[in-house]
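Right, one structure below, let's go through it.
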Amino acid sequence: MPTVRVSPETLRQLHRLAGTLHMWMEKRVSLDETIRFLLQSFEQESKILPYADSEMNFECDELCFLDFLKKVMEILGKRRVILDFCTLTIPRSEVERSRIDDKLCNILMDEGVSFERDDFVDVHVELEVEKLINLFRRLREEFEWSSDLPPMTLEADNLTIYITDWGCLQMDASRIPADDRKKLIVEFLRAHNIDEKTALEIVSKLPDKYKVVLRKIEGIGVLIELNDTIIFTGGG
Amino acid sequence: MERDRRQRMLRRLGGLFEQLFKHGIRDTLVPYDHIFRRILVPMCRILAWIEENGTAKDFSEALSIMSNICKKRIASVTPSSSG
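Going line by line, the protein sequences match chains F and R. The opening position of the first sequence corresponds to residue -9 in the working numbering, with each subsequent residue numbered one higher. The opening position of the second sequence corresponds to residue 28 in the working numbering, with each subsequent residue numbered one higher.
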């Protein structure tokens, strides 16, 4: 049997998954079976019908997120957006939140972003894209995004973009022209080291209506899930 | 509490509930605590806030927003009986 080398972290995750499978199946599960389970889950057809044909979900590499966000705004032709969030929703205790709110208020004042504060900080403000990017860069530097900052939305005209976490952009693209949707996909792929030729080839094969998830997975590369089926893995 | 702010909270609640559906049937794995920390906790906080600061009408509106999302999402994800 060939030997497969994996990092200690992957090994830990495999053991953890093996433990979960052990509980489900009520029998001992080897690491070999665990890996086979993972491979099968990639091949499985979804039992659930697609719930929409226009969702776009981008899970961007942490480092290129801001550049990608800027490109998204450029492609969609948005120069100003409404940033909306409140710190009531951060996954922290009230005491910790108050400390975060103090620091956040100072940054918002520094950056000239208006806000309301009582028990928590509430932001609903229209910003130039450039100013938004600068604010995000600063927040990213000063906070542990996933734990200290809440989910946010960006609104412009009829479009709402959800930023569930750092790097995660989700939108209902039903009102976005087909060409712009393709441009968004090409831009994401290019930002993740997929060459333009390959990116254009991928979008040229897209159907008229689709829901798409683009993800960067550490150690694997970019994964494209079209209407619940993985159609591409590549890059690195 | 001013009406604008309560409306904003209701919109946020609706957005998070939509996200819960979208994440709920994802085929590929997301970090194990992502849905809990980034969707469920925020939703619970907003619901509690509305309960404490909103009017009866706000609370009924919250339910109506969530119920409308349920109708839309459940109708489109439930496989047909022949399938």
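We treat Cβ as the ideally placed atom computed from N, Cα and C, and that holds for glycine.
The alpha helix (DSSP H) enclosing E132 of chain F, as first and last residue numbers: V119 to E132
With the cut-off set at 8 Å, would you say A189 of chain F and V203 of chain F are in Cβ contact? no
Please confirm whether K61 of chain F and V119 of chain F have their CB atoms less than 8 Å apart. no
Range of the contiguous beta strand (DSSP E) that encloses L213 of chain F: G211 to L216
May I ask you to list, following chain order, the residues of the region 123 to 147 of chain F that have a beta carbon less than 8 Å from some beta carbon of chain R? S136, S137, P140, P141 and T143
Listed by chain order, chain F residues near Q46 of chain R by CB distance under 9 Å: P141, Y152, T154 and Q160
By the 9 Å beta-carbon criterion, what residues does the region 62 to 81 of chain F contribute toward chain R? D74, F75, C76, L78, T79, I80 and P81
Quick test of your reading: L227 of chain F and T77 of chain F, contact by CB under 8 Å. State the CB separation rounded to the nearest angstrom. The structure shown does not extend to residue 227 of chain F, since chain F spans only -9 to 226, so no value can be given for it.
Which residue or residues does DSSP assign as beta-bridge partners of V203 of chain F? F:N47 and F:E215
When you compare only the Cα positions, how much space is there between D218 of chain F and D198 of chain F? 15 Å
Looking at C-alpha atoms only, which residue of F:E52, F:G157 and F:R171 is the closest neighbour of K201 of chain F? F:R171
Cutting at 7 Å between CB atoms, please list the residues of its own chain near D91 of chain F, excluding the five before and the five after it. T77, R107, F110 and V111
Determine, for D112 of chain F, whether the minimum Cβ-Cβ distance to residues of chain R falls below 8 Å. yes
Contact set between E45 of chain F and chain R, taken where Cβ atoms lie within less than 9 Å: K49
Of the residues F:L7, F:L122 and F:E49, the one placed nearest K206 of chain F, counting alpha carbons only: F:E49
Give me the Cα-Cα distance between P141 of chain F and T79 of chain F, rounded to the nearest whole angstrom. 7 Å
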